[in-house]
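Residue numbers (the numbering used here), protein chains in the order written: chain X, 1 to 200; chain C, 1 to 200.
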């Protein structure tokens with residue numbers, strides 16, 4: 001199976017995925033890395049890893065979200081991409097895109113969904129005062145941070161945690177959990193039963 | 001410190017608390033067990049454990065919720081109760097009661113709050129398809145399942161879990177976590193900083 005990573009930023013999850021591919025822990029081919037930000041360091045990582053298609057795609061060149069997403073789907077089709085992995089991709093995908101890759105888009109979220117949806121999950125969890133948070137890998141559907149959950153792992157909050165120390169431990173879990181989920185998907189080990197993901 | 005347990009049902013958490021008191025793991029005195037259901041097995045357990053005040057208190061004998069809660073506060077005062085532990089107590093407490101024991105009422109919930117509030121947390125977590133749920137001990141405030149969180153522990157959901165098998169493992173965690181939280185409170189080890197509970 002071929003997959004693409006969409007990223008907007010530093011790409012540390014992308015790097016973990018690249019490393020896992022090299023080690024044979026992700027049995028799928030990373031065929032494309034696309035970023036909506038031309039300066040994203042993720043593109044640099046992808047070039048260094050010799051990913052076949054490495055592409056900045058500037059939203060300014062498009063009329064609207066769907067116009068952008070139609071071009072994205074074209075590029076993914078040209079590269080024979082079977083499924084899509086979001087890694088710090090800061091754009092909301094249109095229903096058109098989600099329908100085009102129905103149940104074939106994976107995302108990662110730095111909390112135990114459905115708790116702490118949205119863009120500030122780590123800070124929100126600390127402010128709420130939870131003692132346990134974690135990481136969720138899930139399928140993407142039309143609602144933000146809502147689709148069927150593939151893998152989750154808990155991360156205990158420590159008394160002296162700051163957003164930085166907690167983020168460090170959460171990202172460590174992400175870098176292990178995301179490749180594991182991608183490998184499961186690529187090997188056909190995930191089955192949807194309603195919104196419950198059966199593994200194996 | 002003296003505490004009371006309010007219970008409506010079987011009282012398995014009450015039993016865990018009684019056992020922990022006996023072993024010296026809860027350094028506080030269980031002074032009263034009160035139930036809104038005269039047939040609650042929790043009362044039987046309390047009598048057997050020779051809790052000084054064991055009392056059924058039938059809501060039918062009272063005009064309204066606050067009338068009931070006023071009598072409850074009187075009984076707790078007569079028994080020199082410093083704090084209150086809810087263990088399967090099926091009544092919503094009035095603002096009057098919560099104000100009377102502000103930051104001195106503990107509750108336990110079979111999920112990782114703020115996820116899966118309400119009376120069907122275990123079934124709701126399974127239906128949502130989470131891979132990790134857990135147990136929360138928290139202070140009670142005016143909103144249901146909302147007050148500051150004292151302790152949480154994660155419970156992984158297994159592929160073949162039913163509501164029954166998952167509940168079994170959650171209850172095992174409850175029976176360990178609740179006595180631990182009560183002991184921390186009784187020894188003055190919990191400090192509130194906004195809605196964050198600092199321990200130690």
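In this text, a Cβ means the ideal position worked out from N, Cα and C, and glycines have one as well.
Which same chain residues end up closer than 6 Å to residue i when comparing Cβ atoms and leaving out the 5 residues on each side of it in sequence?
| i | result |
| --- | --- |
| residue 52(X) | 31 |
| residue 33(X) | 5, 46, 51, 54 |
| residue 1(C) | 28, 82, 186 |
| residue 68(X) | 59, 62 |
| residue 90(C) | 8 |
| residue 75(X) | none |
Against chain C, with Cβ distances strictly below 8 Å, would residue i count as a contact?
| i | result |
| --- | --- |
| residue 195(X) | yes |
| residue 178(X) | no |
| residue 131(X) | yes |
| residue 198(X) | yes |
| residue 121(X) | no |
| residue 159(X) | yes |
| residue 163(X) | no |
| residue 174(X) | no |
Determine whether the beta carbon atoms of residue i and residue j lie at a separation below 8 Å.
| i | j | result |
| --- | --- | --- |
| residue 133(X) | residue 112(X) | yes |
| residue 130(C) | residue 177(C) | no |
| residue 108(X) | residue 166(X) | no |
| residue 95(X) | residue 142(X) | yes |
| residue 106(C) | residue 148(C) | no |
| residue 83(X) | residue 71(X) | no |
| residue 117(X) | residue 161(X) | no |
| residue 135(X) | residue 174(X) | yes |
| residue 197(X) | residue 157(X) | no |
| residue 179(C) | residue 77(C) | no |
| residue 154(X) | residue 154(C) | yes |
Any chance the CB of residue i is under 7 Å from a heavy atom of the ligand ADP?
| i | result |
| --- | --- |
| residue 68(C) | This structure simply doesn't include the ligand ADP, nor any ligand for that matter. |
With a threshold of 8 Å between beta-carbons, can residue i be considered close to chain X, or not?
| i | result |
| --- | --- |
| residue 128(C) | yes |
| residue 115(C) | yes |
| residue 181(C) | no |
| residue 110(C) | no |
| residue 186(C) | no |
| residue 134(C) | yes |
| residue 167(C) | no |
| residue 152(C) | yes |
So the candidates are the options; which of them puts its Cα closest to the Cα of residue i?
| i | options | result |
| --- | --- | --- |
| residue 38(X) | 57(X), 24(X), 20(X) | 57(X) |
| residue 81(C) | 67(C), 200(C), 100(C), 184(C) | 100(C) |
| residue 49(X) | 160(X), 119(X), 85(X), 19(X) | 19(X) |
| residue 21(C) | 197(C), 152(C), 189(C), 181(C) | 181(C) |
| residue 190(C) | 104(C), 157(C), 125(C), 172(C) | 104(C) |
| residue 65(X) | 164(X), 158(X), 172(X), 92(X) | 92(X) |
| residue 152(X) | 168(X), 159(X), 120(X), 115(X) | 115(X) |
| residue 200(X) | 159(C), 75(C), 172(C), 170(C) | 159(C) |
| residue 98(C) | 59(C), 73(C), 119(C) | 73(C) |
| residue 3(C) | 170(C), 171(C), 169(C), 79(C) | 79(C) |
| residue 120(X) | 163(X), 195(X), 102(X) | 163(X) |
| residue 195(X) | 194(C), 125(C), 102(C), 172(C) | 125(C) |
Excluding five sequence neighbours on each side, which residues of the same chain lie with their C-beta closer than 7 Å to the C-beta of residue i?
| i | result |
| --- | --- |
| residue 27(C) | 183, 186, 187 |
| residue 25(X) | 179, 183 |
| residue 40(C) | 7, 8, 9, 11 |
| residue 171(X) | 12 |
Closer than 8 Å by C-beta to residue i: which residues in its own chain qualify, once you throw out the five before and the five after it? Chain order, please.
| i | result |
| --- | --- |
| residue 42(X) | 5, 7, 8, 9, 10, 11, 14, 33, 35, 87, 88 |
| residue 169(C) | 155 |
* To do: Give, in chain order, every residue of the segment 139–150 of chain C whose Cβ lies closer than 9 Å to some Cβ of chain X.
  => 148, 149, 150
* **Near-chain X residues of the segment 60–82 of chain C (beta-carbon distance less than 9 Å), N- to C-terminal order** => none
* Asked: Closer than 8 Å, Cβ to any Cβ of chain X: which residues of the segment 32–56 of chain C, in chain order?
  -> none
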